[in-house]
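Take any residue in the sequence shown, count from 1 to its spot, add 129: that is its number in our numbering.
What follows is a set of notes on a single structure, which appears directly below.
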Amino acid sequence: MPPIDEYALKPQQIESGLKTIKQRQRNLMLMSFVSISVLIVSAVALFIQQDLVYSFFGLSPTVQQLNIPVSAAELSNHLGQQTDYFVNFLSFIGWLFLKLVVSFIGAFFLVGFLKKFQFFRIRFQSFVLKFVGWILSFMALWSGLTYLQYNLKDDDQAAYQKLVHYEQNVQDSRLANELQDLDVAEPVKAYLYAQAALLHKPVDRATAIPYVQSLMNTERNHPVEFREYGFKPEQLWTMQNQLFDKTMTPMAQSVEKQVQQANVIEVIVRWILIAVIALTLVLSLLLYLLAQQFKSRIVRIEQGMGHP
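Structure follows, in structure tokens:
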């Protein structure tokens, strides 16, 4: 009968197995972090998906930017061309994706860099403190990129924001001063003032409602002239629905088909995102629990080998 020692694992075999378990534990933790990242992105997307889908159709649930009609082209000549809702929203999504990726990955590098200093190396031996350090690094990188984003904001967009800004009365805005020097029809002024009131922070409904009602009366009484002003139907739809929760005039109703298509796609996207969130939540939890089990095995093996 062979001696029992022949069946005992050699230290080299144990070290090799331990190295394999550690590699698997690291892979599980990495997969868990990736799954959590997808979960976070999906959760953020769930809150903004309506704006994204609507912007694809040139729509917005609320007025987000000033639309200057062709009948007031002189006003926009010295302000530059403003991008539409979809382009603006793509820019927002691009920055959001960049901040998530850079902050998520950069936080690992920042924690690794800090571990080179003894003060942090000792404290990061605790998983909780290491996680707190990662969170703080993520927040620092996110804040830095957000500051960069707003400092690189397009000058034309800033010019439009200054144009519609006012404290108490829309007639005190730079927009009103500009319109005084231009030969612009009263319905066009009402169209611009209504948008300025809806862009005000907080929304100035008391100012916007009379101007929008004036636009609706003009469209009903002078439909041919109204079409010649060059108003954007999507913007009229947004203003009426933001203020009255319904579409009330023919030009605004002309985009109802787009709205219906957007609503169908929005529902589909919402359910897809909910499914992804549920799946990644379960997957993240399972991966994390498996990683913790591997970690416990590693600790037991190292204690059995007499490792510190």
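Yeah, the Cβ is synthetic: ideal placement off N, Cα and C, and Gly gets one too.
Just how far apart, CA to CA, sit residue i and residue j?
{"i": "Y136", "j": "Q152", "result": "The predicted model places Y136 with a pLDDT of 47, which falls under 50 and marks its position as unreliable; any figure quoted below should be read in that light. Each residue's Cα considered, the two are about 26 angstroms apart."}
{"i": "I197", "j": "Y322", "result": "11 angstroms"}
{"i": "L372", "j": "I338", "result": "7 angstroms"}
{"i": "L157", "j": "F186", "result": "41 angstroms"}
{"i": "S166", "j": "Y320", "result": "43 angstroms"}
{"i": "G235", "j": "T149", "result": "27 angstroms"}
{"i": "V405", "j": "V170", "result": "10 angstroms"}
{"i": "Y417", "j": "L410", "result": "11 angstroms"}
{"i": "V428", "j": "S220", "result": "47 angstroms"}
{"i": "D301", "j": "L243", "result": "53 angstroms"}
{"i": "I264", "j": "F246", "result": "19 angstroms"}
{"i": "L311", "j": "S200", "result": "11 angstroms"}
{"i": "L344", "j": "V393", "result": "30 angstroms"}
{"i": "A269", "j": "G262", "result": "11 angstroms"}
{"i": "I403", "j": "L175", "result": "8 angstroms"}
{"i": "G241", "j": "Q290", "result": "42 angstroms"}
{"i": "A314", "j": "P362", "result": "18 angstroms"}
{"i": "F248", "j": "S413", "result": "31 angstroms"}
{"i": "L328", "j": "L195", "result": "8 angstroms"}
{"i": "V231", "j": "D374", "result": "40 angstroms"}
{"i": "K424", "j": "L147", "result": "11 angstroms"}
{"i": "V182", "j": "I430", "result": "53 angstroms"}
{"i": "F233", "j": "F162", "result": "9 angstroms"}
{"i": "E395", "j": "V353", "result": "34 angstroms"}
{"i": "L159", "j": "I401", "result": "24 angstroms"}
{"i": "A202", "j": "S184", "result": "24 angstroms"}
Between residue i and the rest of its own chain, which residues show a CB-CB distance below 6 angstroms, the 5 nearest in sequence each way excluded?
{"i": "I133", "result": "Confidence at I133 is low in this model, with a pLDDT of 48, below 50, so its placement is unreliable and no value can be given for it."}
{"i": "V299", "result": "Y322, A325, A326 and T336"}
{"i": "F355", "result": "T347 and E348"}
{"i": "E144", "result": "none"}
{"i": "R250", "result": "K244"}
Spatial neighbours of residue i within its chain, please: C-beta separation below 7 angstroms, excluding the five flanking residues on both sides.
{"i": "R252", "result": "L258"}
{"i": "M130", "result": "Here M130 scores only 48 on pLDDT, less than 50, and its place in the model is too uncertain to base an answer on."}
{"i": "T376", "result": "W366, Q369, N370, Q382 and E385"}
{"i": "V341", "result": "A323, M368, Q369 and L372"}
Once the 5 residues before and after residue i are set aside, which same chain residues still bring their CB inside 8 angstroms of it?
{"i": "P331", "result": "none"}
{"i": "E307", "result": "L204 and L292"}
{"i": "M380", "result": "E348, F355, R356, F360, P362 and L365"}
{"i": "N350", "result": "none"}
{"i": "Q390", "result": "F186"}
Which residue marks the beginning of the alpha helix (DSSP H) containing residue i, and which one marks its end?
{"i": "N306", "result": "R303 to Q309"}
{"i": "A296", "result": "The amino acid occupying residue 296 in the given sequence is Glu; Ala does not appear at that position. Segment: none, E296 is in no alpha helix (DSSP H) and carries neither H nor E."}
{"i": "F360", "result": "No alpha helix (DSSP H) holds F360; DSSP gives it neither H nor E."}
{"i": "Q342", "result": "R334 to N350"}
{"i": "M377", "result": "Run containing M377: none; DSSP gives neither H nor E here."}
{"i": "A323", "result": "E315 to L328"}
{"i": "Q441", "result": "Because the chain is modelled from 130 through 437, residue 441 falls outside the range shown and cannot be assessed."}
Please determine, among the options, the residue with the shortest C-alpha to C-alpha distance to residue i.
{"i": "D180", "options": "V240, T191, A172 and H294", "result": "T191"}
{"i": "A335", "options": "Q364, S302, K361 and Q297", "result": "Q297"}
{"i": "S189", "options": "S161, M368 and R429", "result": "M368"}
{"i": "I222", "options": "Q193, T378, V173 and S200", "result": "V173"}
{"i": "W224", "options": "L195, K245, F246 and T275", "result": "T275"}
{"i": "G273", "options": "V317, Q247 and L227", "result": "L227"}
{"i": "N370", "options": "F355, A305 and V388", "result": "V388"}
{"i": "S266", "options": "E395, Q290, F238 and D333", "result": "F238"}
{"i": "V398", "options": "Q178, S255 and L204", "result": "Q178"}
{"i": "Y358", "options": "K318, T378 and A407", "result": "K318"}
{"i": "L168", "options": "R426, Q432, L408 and Q422", "result": "L408"}
To the nearest whole angstrom, what separates the beta carbons of residue i and residue j, a pair I think is in contact under 8 angstroms?
{"i": "Q254", "j": "A420", "result": "Between A420 and Q254 the Cβ distance is about 17 angstroms, and since that is not below 8 angstroms, they are no contact."}
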